[in-house]
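J.:
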Amino acid sequence: MPVRYPRPLRPGDRVGVTSPSSGVPEELRERLAVAVRDVEARGYEVVVGRCMDGSGHVSAP
């Protein structure tokens, strides 16, 4: 089966940010904000998942 690759991102596309464990603690939130602003400045829409608030391990059932 041949490998299929998605098309490259284009300005206006949506980029989701999530975390597989406990999100971003308060002391690192500004670093996340800087990264989000940088991606937005490149023309993408950024959606930050609710699990990124650093409130604990919210990814497990």
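The sequence shown begins at 1172 in my numbering and counts up one residue at a time.
Ideal placement from N, C-alpha and C gives every residue a C-beta, glycine not left out.
Curious, which full-length beta strand (DSSP E) runs of at least 3 residues does the stretch 1174 to 1229 contain?
T.: 1185 to 1188 and 1216 to 1219
J.: What does the alpha-carbon distance come out to for the pair L1203 and P1179?
T.: 23 Å
J.: Decide if G1194 is buried, meaning its Cβ has at least 16 other Cβ atoms within 10 Å, or exposed.
T.: buried
J.: Could you name the residues of the same chain whose beta carbon sits closer than 6 Å to that of G1220, not counting the 5 residues immediately before and after it, in chain order?
T.: T1189
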